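Data block below; observations after.
Protein chains: 2
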Amino acid sequence: MPTPEQMQAAVHAYVDAFAREDSEGVVALFAEDATVEDPVGTPAKVGHDAIREFYTMSIGTGAKLELQGPIRVGGDFAAFAFQVRLKMGEADATVDVIDVFRFDDAGKVRSMQAFFGPGNFTGM
Amino acid sequence: MPTPEQMQAAVHAYVDAFAREDSEGVVALFAEDATVEDPVGTPAKVGHDAIREFYTMSIGTGAKLELQGPIRVGGDFAAFAFQVRLKMGEADATVDVIDVFRFDDAGKVRSMQAFFGPGNFTGM
Chain D
1 MPTPEQMQAA
11 VHAYVDAFAR
21 EDSEGVVALF
31 AEDATVEDPV
41 GTPAKVGHDA
51 IREFYTMSIG
61 TGAKLELQGP
71 IRVGGDFAAF
81 AFQVRLKMGE
91 ADATVDVIDV
101 FRFDDAGKVR
111 SMQAFFGPGN
121 FTGM
Chain W
1 MPTPEQMQAA
11 VHAYVDAFAR
21 EDSEGVVALF
31 AEDATVEDPV
41 GTPAKVGHDA
51 IREFYTMSIG
61 TGAKLELQGP
71 IRVGGDFAAF
81 AFQVRLKMGE
91 ADATVDVIDV
101 FRFDDAGKVR
111 SMQAFFGPGN
121 FTGM
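Chains as they are written, first to last, in UniProt numbering: chain D, 1 to 124; chain W, 1 to 124.
Dropping the structure here:
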């Protein structure tokens, strides 16, 4: 089981990799057979290739993440509220999201779920 | 499928029932066979009797909930960050939590997960 500090560090590494536009840095946080359900209710992306494709596209939009409040960490999970900020031409758009990461014993993310819906967008 | 407005209303009803110390008001939000995993990693409470026992105890501590940021709503879910405030003698204690509610077609909560850990307590 990873420590709370390791799981918190993974969340910060995720946010920082978006800031650097480093999709490989994001992919490296995930287990080889991890699942990414973003948003929840859509088919999961499974495995590094699908996850790389997804994050290359996401990061390619210029999206930056800003954490909102403390990361909730315990057991095998980290849950965190954040705002996605997107440049849309002249204007900024935002999406309010809550992510849940579940970790494997090696400290890699084995599943990610992103909770947001149409009402969580502003400026679009 | 419940509407986003119905799921948001359920979250507000949950917070308001804590404020009124109304455990039956909380129980009424859940499906008869719902599961409550609070915190995540502990055995789920299953069904109204177990859920009533849990919330009677929780509300009996005097805990009040304050939402932090917008409720994330989509599909069959509502996810929300909040702070639990507890009176501990002279002092206040707080716990930072993220809850995920999943709803059934009737608009009742069929599963609740509460994400927090030891590092999310202050003042204890």
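Cβ coordinates follow ideal geometry from the N, Cα and C atoms, glycine included.
All figures in this text were calculated on a predicted structure; none of them were measured in a lab.
CB contact below 7 Å: residue i versus chain D
| i | result |
| --- | --- |
| W:Ala68 | First, the amino acid is wrong: residue 68 of chain W is Gln here, not Ala. With 7 Å as the cut-off, W:Gln68 counts as an interface residue toward chain D. |
| W:Arg72 | yes |
| W:Val27 | no |
| W:Phe54 | no |
| W:Gly107 | no |
Which of helix, strand or coil DSSP assigns to residue i
| i | result |
| --- | --- |
| D:Phe116 | coil |
| W:Thr94 | strand |
| W:Pro2 | coil |
| W:Gly47 | coil |
| W:Thr56 | helix |
| W:Ala19 | helix |
| residue 126 of chain D | Outside the shown range of chain D, which is 1 to 124, sits residue 126 of chain D, and nothing can be said about it. |
| W:Ala63 | coil |
Residues bridged to residue i [DSSP beta-bridge criterion]
| i | result |
| --- | --- |
| W:Val40 | W:Thr42 |
| W:Gln68 | W:Ala81 |
| D:Val27 | Looking at the DSSP assignment, D:Val27 forms no beta bridge with any residue, so it has no partner. |
| D:Asp99 | D:Phe80 and D:Ala114 |
| W:Gly74 | W:Phe77 |
| W:Met7 | Beta-bridge pairing links W:Met7 to no other residue. |
| W:Lys87 | W:Asp92 |
Chain W within 7 Å of residue i, Cβ atoms only
| i | result |
| --- | --- |
| D:Ile51 | no |
| D:Gly62 | no |
Which listed residue (the options) has its alpha carbon closest to that of residue i
| i | options | result |
| --- | --- | --- |
| W:Ala79 | W:Met88, W:Gly69 and W:Lys87 | W:Gly69 |
| D:Phe30 | D:Gly123, D:Gly41, D:Ala17 and D:Gly62 | D:Ala17 |
| D:Asp76 | D:Arg110, D:Met88, D:Gly41 and D:Thr35 | D:Arg110 |
| W:Ala10 | W:Thr122, W:Ala114 and W:Gly107 | W:Gly107 |
| W:Met124 | W:Val95, W:Ile71 and W:Ala114 | W:Val95 |
| D:Ala28 | D:Ala13, D:Glu37 and D:Val40 | D:Ala13 |
| W:Ala41 | D:Gln113, D:Val46, D:Met1 and D:Gly89 | Correcting the residue type first, residue 41 of chain W is Gly in the shown sequence and not Ala. With distances taken between Cα atoms, W:Gly41 lies closest to D:Met1. |
| W:Phe82 | W:Arg72, W:Val36, W:Glu32 and W:Phe54 | W:Arg72 |
| W:Val46 | W:Ala34, W:Met88 and W:Phe54 | W:Ala34 |
*Using 8 Å as the threshold, is the region 16 to 29 of chain W in touch with the region 111 to 119 of chain D, meaning 3 or more CB pairs across them?*
They do not touch, by the three-pair rule.
*Given 8 Å as the limit, is there contact between the region 38 to 50 of chain D and the region 1 to 14 of chain W, that is, 3 or more CB pairs closer than that?*
No, the region 38 to 50 of chain D is not in contact with the region 1 to 14 of chain W.
*Contact between the region 55 to 63 of chain D and the region 98 to 105 of chain W (3+ Cβ pairs under 8 Å)*: No, they do not touch.
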